[in-house]
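First residue of the sequence shown: 9, per my numbering; consecutive thereafter.
Even glycine gets a Cβ: it sits at the ideal position worked out from N, Cα and C.
This report refers to the structure that appears directly beneath it.
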Amino acid sequence: MSGTVSGRHAREEPGRAPEASGATPPADEDWAILVAAARTVRDRSYSPYSRYPVGAAARTDSGRIVTGCNVENASFGPTLGAECGVLSQLHATGGGRITALVCVDAADVPILPCGRCRQLLVDHADPETPVLSPEGPIALGELLPHQWKLTEPTQHGRRA
Ligand code: THU
């Protein structure tokens, strides 16, 4: 199973190398399609400890939809958020950039990524990338301002 879902934004076969990133988020993102994909994968969540299944679905700049669910662990700490699955599938199916993301809970309500997952997303999405909240889309840069990125080392930074 590829795990990808075709939609009206699909412009290439899953697994094909994506075109260059930098695309702006589609203004006409069909959130209902992303929500439906997130619900489907949420129902495969492994969350016996919290009993809080989460499904996440993202659009990529090549039009693919990539999804993930949370995977918990008996020692609790190593639990993988649903967004981790999204990022794994993003790269497993050809890479690219995320242009829209939604996470849903068991009640089908859009939930916002936790702080760790926001930072994980920063490497793969632009500050303008919309994340669906119950009140509508919110830009990733608003969810996580002053994002950490490894760019040029400061004078207190890495050794040469
Ligand atoms: N969870 C996610 O999958 N993503 C988030 O952004 C927040 C939390 C999961 C982790 C855990 O399995 C469950 O939700 C309860 O915290």
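Apart from the five residues just before and just after residue i, which ones in its own chain have a Cβ nearer than 8 angstroms to its Cβ?
| i | result |
| --- | --- |
| C122 | G89 |
| Y54 | C77, N78, V79 and E80 |
| D36 | none |
| W156 | Q127 and V130 |
| A147 | P135, E136, T137, P138 and V139 |
Starting from the C-beta of residue i, find all residues in its chain whose C-beta is less than 6 angstroms away, skip the five residues before and the five after it, and write them out in chain order.
| i | result |
| --- | --- |
| A40 | none |
| T87 | E80 and N81 |
| V49 | G63, T75 and C77 |
| G149 | P135 |
| L109 | A66 and V139 |
| T159 | none |
| R52 | C77 |
| A45 | V13, A65, I73 and T75 |
| T32 | With a pLDDT of only 45 at T32, under the threshold of 50, the placement of this residue in the model should not be trusted, and no figure is reported. |
| H154 | none |
Between residue i and residue j, which are expected to be in contact by the criterion C-beta below 8 angstroms, what is the C-beta distance as a whole number of angstroms?
| i | j | result |
| --- | --- | --- |
| L95 | L128 | 6 angstroms |
Flag residue i as yes when its Cβ comes closer than 6 angstroms to any non-hydrogen atom of the ligand ATP, and as no otherwise.
| i | result |
| --- | --- |
| V110 | Summarising the ligand content, the structure contains the ligand THU and does not contain the ligand ATP. |
Taking the alpha carbon of residue i as the reference point, which residue from the options has its own alpha carbon closest?
| i | options | result |
| --- | --- | --- |
| A77 | D36, C125 and P145 | Before going further, note that residue 77 is Cys rather than Ala in the sequence given. Checking every option, the nearest Cα to that of C77 belongs to C125. |
| V130 | V43, G144 and C92 | C92 |
| V112 | D38, V43, G144 and D36 | V43 |
| L120 | P145, D38, Q97 and D69 | P145 |
| V117 | P56, P61, E37 and R52 | P61 |
| L152 | D38, A115, P138 and A100 | P138 |
| R47 | Y57, A66, P56 and S58 | A66 |
| T101 | V110, S83, L109 and I73 | I73 |
| T68 | S83, Q155 and Q97 | Q97 |
| P142 | Q155, A115 and W156 | A115 |
| S58 | A147, A45 and F84 | F84 |
Can you tell me which residues form a DSSP beta bridge with residue i?
| i | result |
| --- | --- |
| C122 | Paired residues: none, contrary to the question. |
| P138 | A147 |
| A64 | G76 and C111 |
| L88 | V79 |
If I measure Cβ to Cβ from residue i and keep anything under 7 angstroms in the same chain, skipping five residues before and after, which residues do I get?
| i | result |
| --- | --- |
| I56 | Residue 56 is actually Pro in this sequence, not Ile. Result list for P56: E80, in chain order. |
_Would the segment 99 to 107 count as touching the segment 129 to 142 if we require 3 or more Cβ pairs under 8 angstroms?_
With the rule of 3 Cβ pairs closer than 8 angstroms, the segment 99 to 107 counts as touching the segment 129 to 142.
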